[in-house]
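Q: For the sequence shown, position 303 (counting from the first letter as 1) is numbered 290 according to my numbering, and the numbering increases by one without interruption. Every residue, glycine too, gets a C-beta built ideally from N, C-alpha and C.
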Amino acid sequence: FVQRFVASPYDDREHLGRLDWQPTDKDHLFTRYFYQSLDQQAYTGDIASGNYVNSVDKVHTIGADWTHSFSPNWADQLRYSFQQAKLAYQDGGLPNCTISSPDNCPADIGIGSGFEGFGLQNGYPQGRVVKVTQVQNNATWTRGRQTILFGGEIDSQNSPLTGLANYAGSFFYNDFNSFISNAPGPGQPNYDAELALAFGDITTKYKETDLAGYIQDDWQVTPNLTAHIGLRWEYFSPAFNVLHDQTVARESNPATAIWDPTLPLADRTFPKMQQFRKGFEPRLGVAWNPAFDSKLVIKAGYAMDRDPVFYNLATMSAGFAPVANAGTIFCTGGSSCLPSGGDISAGAVRGLNAPLLPGGGDPRMLDQITIPSNLMPPYTQTYTLAIDHQIGKAAVGEVRYVGSLTQKNFQSVDANPYLLPVQTDFASFVPGTLCSDRNGVGCGRPDSSSSITSTVI
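1. Using the rule of at least 16 other Cβ atoms within 10 Å of the residue's Cβ for burial, across every protein chain shown, is P59 buried or exposed?
2. Which stretch, first to last residue, makes up the beta strand (DSSP E) that contains S143?
3. What residue range does the alpha helix (DSSP H) around G334 cover?
4. The beta strand (DSSP E) spanning M291 covers which residue range?
5. Pick from V46, D12, S88 and Q70: whose alpha carbon is nearest that of F57?
6. State buried or exposed for G328, treating a residue as buried only when at least 16 other CB atoms are found within 10 Å of its CB.
7. Which residue's Cα is closest to the Cα of A126: E140, K380, A278 and V273?
8. By DSSP's criteria, K73 is part of a beta bridge. Which residues make up the other side?
9. Compute the distance between the beta-carbons of Q377 and V386, then report whether it is under 8 Å.
10. Let me know the secondary structure DSSP gives Q203 once reduced to three states.
11. Residues in its own chain within less than 8 Å of G110 by CB, not counting five upstream and five downstream?
12. Please classify A253: is it buried, with 16 or more other beta-carbons within 10 angstroms of its beta-carbon, or exposed?
13. How many Å lie between L372 and W275 at the Cα?
14. Only counting the same chain, and skipping five residues up and downstream in sequence, which positions put a Cβ closer than 6 Å to that of P258?
15. Just to confirm my understanding: we take A214, look at its own chain, exclude 5 residues before and 5 after, and list those with CB closer than 6 Å. What are they?
16. From V229, T367, C318 and A313, pick the residue whose C-alpha is nearest to that of T302; which is it?
17. Within 10 Å of its beta-carbon, does F166 have 16 or more other beta-carbons around it, so buried, or fewer, so exposed?
18. Can you find a heavy atom of the ligand FMN that lies under 7 Å from the Cβ of S327?
19. Under the DSSP definition of a beta bridge, which residues are partnered with Q262?
20. So does the stretch 112 to 130 actually touch the stretch 63 to 76, counting three or more Cβ pairs closer than 8 Å?
21. At which residues does the beta strand (DSSP E) containing V383 begin and terminate?
22. Taking the alpha-carbon of M352 as reference, which of Y370, R432 and Y193 has the nearest alpha-carbon?
23. Could you tell me which of K192, S332 and R337 sits nearest to N38, measuring between CA atoms?
24. Count the other C-beta atoms from every protein chain shown that fall within 10 angstroms of the C-beta of D179, then say buried if there are 16 or more, exposed otherwise.
25. By DSSP, does L182 sit in helix, in strand, or in coil?
26. Between which two residues does the beta strand (DSSP E) holding S157 run?
27. Suppose you measure from the CA of K192 to the CA of V284; what does that come to, to the nearest Å?
28. With distances taken between CB atoms, is the gap from T369 to S391 smaller than 8 Å?
29. Hey, A341 and L184: beta-carbon distance below 8 Å or not?
30. Roughly how many angstroms separate the alpha carbons of L339 and L250, rounded to a whole number?
31. Would a C-beta distance cut-off of 8 Å place V40 and P147 closer than the cut-off?
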């Protein structure tokens, strides 16, 4: 077991430990532990006002392998691993402001132009704690000219993510006098400040269970020709469905619903992602040593690999309608927006102002990020061709080509843009009819049933 301090301007350290043990001639046990900590000071924020956050990075990794030989032809390996990674922007100048206690974080206060504001930037704190547990089994069975590889794994991921812009609120006062008096100044609008506030859960508890299995035959067809034939299957459970379950539970209860209850539930909730169970991934390969040149080997291969859906799609959606409702409240003096006693913590600001947020509206009239319910994991096809040749007695030269093609990847497009001003000035560039009902959901857009501005495809 060792501890290592890494030379850096930050608090950077690593702890390493391992155990390698062979209790019998048929068993081998290997365990390991790894810990890494990196705290970077003053990462971002308003340092002059003392409101900065640290970049916190702490990772624990534990693993164990047990290999057992059942016979000269059959060996089995059982593997267990667990990793917990905490990545967060928190504390710093505000030690009590963390992702586990966001209600302690202060609001963001802006005071007109030419004055230094104070409070924490409206995007903090944010971060996640990712806990991944994996159990895997790999077996090797040799018979004659064939070696069969087979096994499988189960992965469980628990990754609560914290972050919601304007959770604590952002105040903007017209000028310094309005801030001091908490009332409109001469010649100013009839409100002293604006408060941007978001209604929603700052922490989303994503959970995911993944499965995989594989079998491969490494077959020596002839003394100079070996074929590799395999198939892998993978299943990634749709972690995004936590947003669906969360919004359905909220909108099904009249006491907690934040949107117009007369709208269909589908328009007030996040869509449910479908299960994708067709994750079959073939592996094919061949290695040929031709009889006419014993120093030459020609190799070719093909494989398909799938990746889980990118989590950033869900984290972005969690900050938009219908999952969250962001609005602006106009403060009219007194304690209508700013809690009395100078308490600008998120708990105090939200307790006073959350009930004042405009509710009962139509989420389709707000910006949304939509994700198709049949979204499937992206996959990459990789293919290779290599020629190896022995040069002399101590060297081998290789010429290799590797190609890949990724499909079903993601992109975000403006699926229903606001085109009315463009059509008014340049009618030839925007043919067709746009929604002209100013009270309609999609006024000035091609699709009159929605004001969606971003769609993942």
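A: On the basis of the data shown:
1. Position 72 of the sequence shown, counting from 1, holds the residue named residue 59. It counts as exposed.
2. Indexing the sequence shown from 1 puts residue 143 at position 156. Segment Q133 to T149, the beta strand (DSSP E) holding S143.
3. As a first step, residue 334 must be located in the sequence shown, where it is residue number 347. G334 -> alpha helix (DSSP H) spans A333 to N340.
4. Translated into positions along the sequence shown, residue 291 becomes position 304. Where M291 is concerned, the enclosing beta strand (DSSP E) stretches over L283 to R293.
5. Within the sequence shown, residue 57 is the residue found at index 70, counting from 1. Comparing Cα positions, the closest option is D12.
6. Position 341 of the sequence shown holds residue 328. That one is exposed.
7. Position 139 of the sequence shown holds residue 126. For the residues E140, K380, A278 and V273, the minimum Cα distance to A126 belongs to E140.
8. Position 86 of the sequence shown, counted from the start, is the residue given in the question as residue 73. Its beta-bridge partners are K45 and V116.
9. As a working note, residue 377 is residue 390 in the sequence shown. As a working note, residue 386 is residue 399 in the sequence shown. Not in contact: Q377 and V386 (Cβ atoms no closer than 8 Å).
10. On the sequence shown, position 216 is the one that residue 203 refers to. Reduced to three states, the DSSP call for Q203 is strand.
11. Here the question's residue 110 lines up with position 123 in the sequence shown. Only G150 and A152 meet the Cβ criterion.
12. The residue you call residue 253 lines up with position 266 of the sequence shown. Counting the other Cβ atoms within 10 Å of the Cβ of A253 gives fewer than 16, which makes it exposed.
13. Walking along the sequence shown from the start, residue 372 turns up at place 385. Walking along the sequence shown from the start, residue 275 turns up at place 288. Straight-line measurement puts the Cα of W275 at about 12 Å from the Cα of L372.
14. By 1-based counting over the sequence shown, the position of residue 258 is 271. For P258, same chain residues with a beta-carbon under 6 Å away, outside a window of 5 residues either side, are S360 in chain order.
15. Residue 214 sits at position 227 when you count from the first residue of the sequence shown. Contacts found: W206, V208 and V273.
16. Taking the first residue of the sequence shown as position 1, residue 302 is located at position 315. Selected option, being the one with the closest Cα: V229.
17. Counting from 1 along the sequence shown, the entry for residue 166 is found at position 179. F166 is buried by the Cβ-count criterion.
18. The ligand FMN is absent from the structure shown, which contains no ligands of any kind.
19. Looking up residue 262 in the sequence shown gives position 275. Among the bridge pairs identified by DSSP, Q262 is matched with none.
20. Output reads yes: the stretch 63 to 76 touches the stretch 112 to 130.
21. Locating residue 383 in the sequence shown gives position 396, counting from the first residue. Its beta strand (DSSP E) spans residues A382 to Q394.
22. In the sequence shown, the residue the question calls residue 352 occupies position 365. It is R432 whose Cα lies nearest to the Cα of M352.
23. For the purposes of this step, residue 38 is taken as residue 51 along the sequence shown, with counting starting at 1. For the residues K192, S332 and R337, the minimum Cα distance to N38 belongs to S332.
24. Mapped onto the sequence shown, residue 179 falls at position 192. That one is buried.
25. Within the sequence shown, numbered from 1, the residue matching residue 182 stands at position 195. In this structure, L182 counts as strand in the three-state DSSP scheme.
26. Along the sequence shown, one-based indexing puts residue 157 at 170. Its beta strand (DSSP E) spans residues S157 to Y160.
27. Working through the sequence shown from its first residue, we reach residue 192 at position 205. Working through the sequence shown from its first residue, we reach residue 284 at position 297. If you take the alpha carbons of K192 and V284, they lie about 52 Å apart.
28. Within the sequence shown, residue 369 is the residue found at index 382, counting from 1. Within the sequence shown, residue 391 is the residue found at index 404, counting from 1. It is a contact, given that the beta carbons lie within the stated cut-off.
29. For the purposes of this step, residue 341 is taken as residue 354 along the sequence shown, with counting starting at 1. For the purposes of this step, residue 184 is taken as residue 197 along the sequence shown, with counting starting at 1. A341 is a Cβ neighbour of L184, given a cutoff of 8 Å.
30. As a first step, residue 339 is located in the sequence shown; it is residue number 352 there, counting from the start. As a first step, residue 250 is located in the sequence shown; it is residue number 263 there, counting from the start. Rounded to the nearest whole angstrom, the CA to CA distance from L339 to L250 is 28 Å.
31. Numbered from 1 along the sequence shown, position 53 holds the residue referred to as residue 40. Numbered from 1 along the sequence shown, position 160 holds the residue referred to as residue 147. Not a contact, by the Cβ cut-off of 8 Å.
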